[in-house]
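> This structure is in structure tokens; I'll ask about it shortly.
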Ligand code: NAP
């Protein structure tokens, strides 16, 4: 048997994490780096990208709007020139535009689908050539419990997150023979900017309703991504890994 600790390492891998400036994406990028990968992370602003480069290393923080197909191609080319084509892709960047459907504007539907779903598709497509050439790849999407349980006021977000899981199952079957795995992680409620909009009382009520008794931490998700990206998870593809403190069990 190979050294079990070694099979969790990512030495020699080049990883790209979208939305690595804060929250879950920042924790994922730091975790993959700690596991030995050469990690590139993206933000939507120059200052965000500079903050990422401080953590991940020179040239490792890039500006990217995942809605911009041309910028995605440039981003992958930049990484290829600085290191080599990414063999680990984590589609983490996402937005919310919550509203009950009766009041939901077309642009708020489109913004969420374009960012959370179409952006992830474009990034996966752009990374595939390099992964096929390397005969190795890990594509990990950050979905959400809301894509499975639903949530009032989040029809756009739930549709995108459920869509990401369906997309991943289809792609997993297209590329399995080339040693590329495609999976999603579905976080529950994690303590980040995205959930800080809730007031103290709402957060306390939420924590009480979670069997493990607390909101999740970005590191809870990063640990799961680290494992899925590693050689240890080489026989896992087309799956959803729920990391939610037990708030939703399948
Ligand atoms: P967050 O704190 O709001 O951070 C979002 C990240 O996405 C930021 O790095 C942001 O970049 C980036 N981003 C936003 N729009 C973008 C765009 N158009 N192009 C590129 N990057 C963009 O979010 P989070 O809570 O860490 O969530 C991370 C992931 O986990 C998301 O997919 C989210 O849906 C999922 N998730 C979160 C929770 C939760 O409870 N927090 C639960 C389930 C799933 P800037 O910093 O430059 O704005």
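Residue numbers (this note's numbering): 201 to 450. Even glycine gets a Cβ: it sits at the ideal position worked out from N, Cα and C. Quick caveat, the model's predicted, so the values are computed rather than measured.
#1: Compute the minimum distance between the beta carbon of residue 383 and the heavy atoms of ligand 2, and state whether it is under 7 angstroms.
#2: Enumerate in chain order the residues of its own chain whose CB-to-CB distance from residue 265 is below 7 angstroms, with the five nearest sequence positions on each side excluded.
#3: Tell me whether residue 338 sits in a helix, a strand or coil according to DSSP, three-state version.
#4: Apart from the five residues just before and just after residue 295, which ones in its own chain have a Cβ nearer than 8 angstroms to its Cβ?
#5: Is it buried or exposed, residue 434, if we count other Cβ atoms within 10 angstroms and call 16 or more buried?
#6: By DSSP's criteria, residue 242 is part of a beta bridge. Which residues make up the other side?
#7: Give me the Cα-Cα distance between residue 375 and residue 404, rounded to the nearest whole angstrom.
#8: Is it the case that the segment 202-209 contacts the segment 248-267, given that we only count it when at least three CB pairs across the two stretches are under 8 angstroms?
#9: What are the boundary residues of the beta strand (DSSP E) that residue 411 is part of?
#10: So what's residue 291 in DSSP terms, helix, strand or just coil?
#11: Using DSSP with H/G/I as helix, E/B as strand and the rest coil, what is residue 316?
#12: DSSP on residue 440, reduced to helix/strand/coil?
#13: Contact between the segment 337-353 and the segment 393-410 is defined here as three or more beta-carbon pairs at a separation below 8 angstroms; is this criterion met?
#14: Does ligand 1 have a heavy atom nearer than 7 angstroms to the CB of residue 221?
If we stick to the structure as given:
#1: Among the ligands modelled here, namely ligand 1, ligand 2 does not occur.
#2: 244, 271
#3: strand
#4: 311, 312, 315, 316
#5: exposed
#6: 262
#7: 43 angstroms
#8: no
#9: Neither: residue 411 is in no beta strand (DSSP E) and is coded neither H nor E.
#10: strand
#11: helix
#12: strand
#13: no
#14: yes
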